[in-house]
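Each number in our numbering corresponds to the 1-based position in the sequence shown with 906 added. Beta carbons: idealized from backbone N, C-alpha and C, even for Gly. Small disclaimer: the values here were computed from a predicted structure and weren't measured. A short worksheet on the structure shown next.
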Amino acid sequence: MFNRLLKLNTQKFSLLPTTLLVLLALTLLANTAQAQACPNWNTREFFEKALPIDVAHCLDRGADAAARDWLGNTPLHYAAGNNETPAIIITLLEHGANSKIKNNDGKTALDLIDMDSPLRNTKAYWQLHEARYK
């Protein structure tokens, strides 16, 4: 009986390295697909020129609404600080973007909306604002 249990446990552990390699390969493939779908995703340059259809296109092809860059910025940070289209912020929120995330400067996406921005007092602005209290 003991030998049989030992053999079963040995077989289980021999699958572990293979399972880890498969998971690593899948992760790399997902990241590669995301980069190919939108090579400039989560950058100021992308969101300065983006239209809502561009953002939806990227998200539908695997771009990560929660991606963070070396400054701690998410797509929501870049959209709020560099684009004046409320539909982009709403699209990101609908795809799971977290409006409570702070970048390395301790700022949320809401903090990056200028006082004179056309985003002020829009549905997108109030969705970001209300999320602070949830």
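If you draw a 10 Å sphere on the C-beta of tryptophan 947, you find 16 or more other C-beta atoms in it, and that means buried. Here the stretch 996–1010 makes no contact with the stretch 1019–1026; the two share fewer than three CB pairs at distances below 8 Å. Per DSSP, reduced to three states, the secondary structure at alanine 985 is helical. For isoleucine 995, the closest of Cys944, Leu977, Glu954 and Tyr1039 by C-alpha to C-alpha distance is Glu954. Per DSSP, reduced to three states, the secondary structure at threonine 997 is helical. Between glycine 968 and asparagine 1009 a beta carbon distance of about 23 Å is seen, past the 8 Å cut, so the two are scored as non-contacting.
Going by DSSP, glutamate 954 is part of the alpha helix (DSSP H) stretching over 950–955. Under the DSSP assignment, leucine 1034 falls in the alpha helix (DSSP H) whose first and last residues are 1029–1037. Contact between alanine 986 and leucine 1016 holds, since their C-beta atoms are separated by about 7 Å, short of 8 Å.
In this structure, the straight-line span from the alpha carbon of glutamine 1033 to that of tryptophan 976 is close to 26 Å.
In this structure isoleucine 1007 is not in contact with threonine 997, their Cβ atoms being roughly 17 Å apart against a cut-off of 8 Å.
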